[in-house]
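Reading through the structure tokens given below for one structure.
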Amino acid sequence: MVAYAGLDPRIKQSGSKLNTTGRLTKRGSPMLRHALYVAANVARRFDPELNAYYLKKREEGRRHAEVLCIIARKLLYRIHAVLRERRPYVAV
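So for the sequence shown, UniProt numbering puts the first residue at 1; every next one is plus one.
What follows is the structure, given as structure tokens:
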């Protein structure tokens, strides 16, 4: 599901060399990726857990857009869990 949204990391490998550039593959649905990105921007402001995570990552030196992509991926995991379990989302 993460790959379908294009939120999986790009990995280049040649022989024994492994290069992780930290970029996204963007091979999935651009509309889904954009919707998750916008949802992540809203969620980081109104969800205390995601806001704390956002601030922690920003203090570590990550860029705003980079952290939003990480939060979008977290939201996608939450959405997948709700669909898989067929129960409403309950914040812990």
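Where is the CB? At the ideal position from N, CA and C, for every residue including glycine.
From this set, the options, which residue's C-alpha is nearest residue i's C-alpha?
{"i": "Arg27", "options": "Asp47, Ala5, Glu66", "result": "Ala5"}
{"i": "His34", "options": "Leu83, Glu85, Arg73", "result": "Arg73"}
{"i": "Pro30", "options": "Tyr77, Arg86, Ala91, Cys69", "result": "Cys69"}
{"i": "Ala65", "options": "Met1, Asp47, Gly15, Leu36", "result": "Leu36"}
{"i": "Met1", "options": "Arg63, Leu32, Gln13", "result": "Leu32"}
With respect to the alpha helix (DSSP H) encompassing residue i, which residues constitute its N-terminal and C-terminal limits?
{"i": "Ala91", "result": "Ala91 -> no alpha helix (DSSP H), and no H or E assigned at all."}
{"i": "Glu60", "result": "Where Glu60 is concerned, there is no enclosing alpha helix (DSSP H), given that its DSSP letter is neither H nor E."}
Who are the Cβ neighbours of residue i in its own chain at under 8 Å, not counting the five residues just before and after it?
{"i": "Ala39", "result": "Ala72, Leu75"}
{"i": "Thr25", "result": "Ala3, Gly6, Asp8, Pro9, Arg10"}
{"i": "Asn51", "result": "Arg44, Arg45"}
{"i": "Arg78", "result": "Tyr89"}
{"i": "Arg23", "result": "Pro9, Arg10"}
Within its chain, find whatever has a CB closer than 6 Å to the CB of residue i; leave out the 5 residues flanking it on each side and keep chain order.
{"i": "Leu89", "result": "The sequence shown places Tyr at residue 89, not Leu. Excluding residues within five positions, the ones whose Cβ falls inside 6 Å are Val82."}
Can you give me the Cβ contacts of residue i inside the same chain, cut-off strictly under 7 Å, excluding the 5 residues immediately before and after it?
{"i": "Val67", "result": "Tyr54, Lys57, Arg58"}
{"i": "Asn41", "result": "Leu68"}
{"i": "His80", "result": "Met1"}
Entirely within the UniProt domain "Transposase IS116/IS110/IS902 C-terminal" (2-54) and at least 4 residues each: give me those alpha helix (DSSP H) ranges in chain order.
2-5, 30-46
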